[in-house]
Amino acid sequence: MIQNRSLARRGAAVVAAGAAALVLAACGGDGDSDSSAGHGGHKATASASASSSASASASQGQRNAADVAFAQGMIPHHRQAVEMAGLASGRAQSAEVSKLAADIRKAQDPEIKTLSGWLTSWGEDVPAKGAMDHSAHDMGGMMTDGEMTELENASGKAFDTAFMKLMIKHHEGAVEMAKTEQADGAYGPATRMAGEIITSQSAEIEQMNKLLGKD
């Protein structure tokens, strides 16, 4: 009888120990599962964050050869337009031409600074001021030395007419360069500037044609 009671107690102890082990195992399993899920969640969040950052960097920071060519070509192109516009002071007769020249300088001076800043940040050469080689003259709409001298020597109505005719050609070259950038460029701010150039200079071409009586 005593022996039977002892065996029963031992059996109960074994069962209790087994149940406790199962409970601990279950708790441990839940803990590991939570920990694993937690780490997995952190990894997923970090991965998503890195991906988002990379996408933002790609949209603003990536540039290609077309972007570099656009910036390096548009800087001397804009500089010449600003130089031409500067000649209007004291030479232009028409108030419309004087205002147009002022608007050109106001728009293109800041763009020269922006384009130069992009090239510097990309580690690319910024065209030197006054560096006009033959390839620059071949760029769309660029004035020759002779045309610039002719414009500089003109005054009154003759200046107004020459200025508008030459500036129309100059603007048409800039619009073509901007269209090339829109088609081939990868740097978002550059393609946006190209769009602004197309819009503003196309409007100025239309205005000058009207002033010349070419409606």
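Under mature numbering (1 follows the signal peptide of the UniProt record, and there is no 0), the letters of the sequence shown match residues -25 to -1, 1 to 190, in that order.
C-beta atoms are modelled at their ideal positions from N, C-alpha and C, and glycine is treated no differently.
Treat the numbers as computed from the prediction; the structure is a model and nothing was measured.
1) Tell me A165's beta-bridge partners as DSSP assigns them.
2) For A21, does the count of other Cβ atoms within 10 angstroms reach 16, so buried, or fall short, so exposed?
3) Rounded to whole angstroms, what is the Cα-Cα separation between I79 and E122?
4) Does the beta-carbon of residue 245 have 16 or more other beta-carbons within 10 angstroms, so that it is buried, or is it exposed?
5) So, helix, strand or coil for A67, using DSSP?
6) I need the boundaries of the alpha helix (DSSP H) containing R54, first residue and last residue.
7) Any beta-carbon of chain B closer than 7 Å to the one on A178?
8) Are D135 and Q68 close, meaning C-beta to C-beta below 7 Å?
9) Apply the 10 Å Cβ neighbour rule to G105 and answer buried if 16 or more other Cβ atoms are within range, or exposed otherwise.
10) Can you tell me which of R167, D159 and V150 puts its alpha carbon nearest to the alpha carbon of E179?
11) Go to residue 212, then tell me how far its alpha helix (DSSP H) extends in each direction, as first and last residue.
12) Leaving out five residues before and five after S130 in sequence, what residues of the same chain have Cβ atoms less than 6 Å from its Cβ?
13) Only counting the same chain, and skipping five residues up and downstream in sequence, which positions put a Cβ closer than 7 Å to that of A153?
14) Can you tell me whether Q37 is helix, strand or coil according to DSSP?
15) Which stretch, first to last residue, makes up the alpha helix (DSSP H) that contains T124?
16) In three-state terms, what does DSSP make of V72?
17) State buried or exposed for G116, treating a residue as buried only when at least 16 other CB atoms are found within 10 Å of its CB.
18) Tell whether a beta-carbon distance below 7 Å holds between I87 and H52.
19) Quick one: what's got a C-beta closer than 8 Å to G92's C-beta in the same chain, skipping five residues either side?
20) Mark residue 194 as exposed unless 16 or more other C-beta atoms lie within 10 angstroms of its C-beta, in which case mark it buried.
The structure says:
1) Position 190 of the sequence shown holds residue 165. Bridge partners of A165: none, in fact.
2) Sequence index remark: in the sequence shown, residue 21 carries index 46 (1-based). For A21, the predicted structure reports a pLDDT of 44, less than 50, and the residue's modelled location is therefore unreliable. The matter cannot be settled from this model.
3) Along the sequence shown, read from residue 1 onward, the residue named residue 79 stands at position 104. Along the sequence shown, read from residue 1 onward, the residue named residue 122 stands at position 147. Annotation: I79 to E122 spans about 19 Å, alpha carbon to alpha carbon.
4) Here the chain covers residues -25 to 190 and nothing more, so residue 245 does not appear.
5) Locating residue 67 in the sequence shown gives position 92, counting from the first residue. Note: A67 maps to strand in three-state DSSP.
6) Here residue 54 refers to the residue found at position 79 of the sequence shown. Going by DSSP, R54 is part of the alpha helix (DSSP H) stretching over A40 to G61.
7) As a matter of chain content, chain B is missing from the structure shown, which is built from one protein chain.
8) In the sequence shown, counting from the first residue as 1, residue 135 sits at position 160. In the sequence shown, counting from the first residue as 1, residue 68 sits at position 93. D135 is a Cβ neighbour of Q68, given a cutoff of 7 Å.
9) As a working mapping, residue 105 is identified with position 130 in the sequence shown. Label assigned to G105: exposed.
10) Stepping through the sequence shown from its first residue, residue 179 is reached at position 204. When only C-alpha atoms are compared, the closest one is V150.
11) Look at the range of the chain in this structure, -25 to 190, and you will see that residue 212 is not part of it.
12) The residue labelled residue 130 in the question sits at position 155 within the sequence shown. Taking S130 as the centre and dropping the five residues before and after it, the same chain places the C-beta of R66 closer than 6 Å to its C-beta, in chain order.
13) Position 178 of the sequence shown, counted from the first residue, corresponds to residue 153. Within the same chain, A153 has close Cβ partners A169, I172 and I173.
14) By one-based count along the sequence shown, residue 37 stands at place 62. Q37: coil per DSSP, three-state reduction.
15) What you label residue 124 is simply residue 149 of the sequence shown in a count that begins at 1. That run of the alpha helix (DSSP H) goes D120 to N128.
16) On the sequence shown, position 97 is the one that residue 72 refers to. In this structure, V72 counts as helix in the three-state DSSP scheme.
17) Walking along the sequence shown from the start, residue 116 turns up at place 141. In summary, G116 is buried, with 16 or more beta-carbon neighbours lying within 10 Å of its beta-carbon over all protein chains present.
18) The residue you call residue 87 lines up with position 112 of the sequence shown. The residue you call residue 52 lines up with position 77 of the sequence shown. Contact annotation: I87 and H52 have beta-carbon atoms that are not nearer than 7 Å.
19) Counting from one through the sequence shown, the residue named residue 92 turns up at place 117. Excluding sequence neighbours, G92 sits near nothing in its chain.
20) The chain is shown only over -25 to 190; residue 194 falls outside these bounds and no answer can be derived.
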